[in-house]
Amino acid sequence: MADMPYLARGVMPVETPSSVLVSSSKYLNNPRLREWLAMILLRRNGPDLPPPAEMYEFLPILEELRDHAAIEEMFTAERRINPELDAWLSEGFYSTYTIEDFAQYAPGSLGGIFYRWITEGNYEIQITPWREPKSQLEFYNLRSGQTHDFEHILCGGGFNFMGELVPYWYRLTNVFKHIRNPELAAELSVIQIFGSLRYTVRTMLHYPQVWDTCTDAIQRGMTVGKASDALFMKKLEPYFHLPLDEARAALGVRGAVDVDTDLEGAFWAERVPLSALEQRIAAE
């Protein structure tokens with residue numbers, strides 16, 4: 113034992129009659145997830161597989177792994193002790209707006225900023241096929257998809273690949289702040305933790321020039337998540353007309369800082385060369 117390397121101590125091999133990989137983790141047991149995770153952590157970016165397509169592949173894998181009955185039970189139990197969640201789910205409000213509905217809002221308003229970003233970026237606001245929610249989790253996911261772009265704006269994350277970390281980490285802290293059962297909070301945060309890993313690990317491995325941008329975005333998202341009200345349960349629609357600062361105050365969003373990370377996000381996606389970053393730094 114004295115010759116055992118320190119880091120190797122405590123390992124206890126477990127014998128099994130199985131001829132295939134067996135683990136106590138349902139995530140490790142899933143070969144599709146193992147392959148997907150290795151790919152999204154280790155690859156470089158390229159035009160053949162845009163980062164959004166990675167999550168399109170991930171979501172069906174997650175559905176296979178989820179115990180939907182257990183999640184519904186946790187939702188129901190949480191509602192008994194969490195009046196805000198109960199009221200939100202009881203109302204069951206979701207939007208049916210279109211992009212054109214936002215043309216009415218003034219520049220600088222929450223709705224106006226959203227309209228500018230969506231039209232300039234040629235984005236779609238319904239990124240997954242529409243279906244009427246039939247469970248509490250389906251409603252949570254539907255509403256999360258509807259509010260995600262506004263979380264970019266409200267939390268200070270630009271519409272670029274580095275800015276994506278801000279709403280990810282706002283959720284990873286804010287949900288745990290306002291959902292009392294940590295197991296339910298974890299189930300509601302699986303998408304965000306896997307999604308954010310793409311940016312953190314690939315940045316370190318392949319794009320270290322923007323590592324500081326990456327960690328700053330994470331920190332800013334965490335700051336907003338820990339300081340703010342339960343934004344993920346807010347009805348945003350009545351505040352679309354307000355200037356951004358007023359909308360943040362009305363919705364209980366605190367600590368948001370707007371940072372332009374467009375160039376860093378484009379470099380991360382290999383859409384601009386390193387020289388573009390160096391020129392910007394030199395100019396500053």
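All you need for this note's numbering is the position in the sequence shown, starting with 1, plus 112.
Every residue, glycine too, gets a C-beta built ideally from N, C-alpha and C.
The structure displayed is predicted, hence computed values, not measured ones.
Cβ distance (whole Å) where residue i is taken to contact residue j below 8 Å
i                 : j             : result
isoleucine 183    : leucine 249   : 5 Å
isoleucine 291    : alanine 297   : 4 Å
phenylalanine 379 : valine 313    : Not really, about 17 Å apart at Cβ, beyond 8 Å.
phenylalanine 344 : threonine 259 : 7 Å
valine 336        : tyrosine 252  : In fact, because the Cβ distance is near 20 Å, the residues do not count as touching under 8 Å.
leucine 363       : leucine 284   : In fact, because the Cβ distance is near 19 Å, the residues do not count as touching under 8 Å.
CB of residue i within 8 Å of CB of residue j, strictly
i                 : j              : result
serine 256        : histidine 180  : no
isoleucine 173    : leucine 309    : no
proline 279       : glutamate 263  : yes
phenylalanine 205 : aspartate 261  : no
proline 157       : alanine 381    : Before going on, a small fix: residue 157 reads as asparagine here, not proline. Taking 8 Å as the Cβ cut-off, asparagine 157 and alanine 381 qualify as a contacting pair.
aspartate 374     : glycine 270    : yes
glutamate 169     : tryptophan 148 : yes
isoleucine 230    : isoleucine 211 : yes
leucine 154       : arginine 146   : no
phenylalanine 288 : glycine 377    : no
Separation of residue j from residue i, as counted between CA atoms
i                 : j              : result
glycine 307       : glutamate 358  : 30 Å
valine 384        : proline 164    : 19 Å
proline 219       : proline 195    : 36 Å
tyrosine 353      : glycine 223    : Looking at the sequence provided, one finds histidine at residue 353 rather than tyrosine. Approximately 6 Å between the Cα atoms of the pair.
threonine 325     : methionine 316 : 11 Å
phenylalanine 214 : glutamate 349  : 11 Å
alanine 120       : leucine 254    : 45 Å
proline 143       : glutamate 166  : 16 Å
Residue i: first and last residue of the uninterrupted alpha helix (DSSP H) it sits in
i                 : result
phenylalanine 379 : 374-380
glutamine 391     : 386-395
glutamine 331     : 323-339
Cutoff 8 Å: residue i Cβ touching any chain B Cβ
i             : result
threonine 373 : In summary, chain B is missing from the structure at hand, where a single protein chain is found.
Mind listing, in chain order, the continuous alpha helix (DSSP H) runs of no fewer than 4 residues lying wholly within the segment 220-262? 222-233
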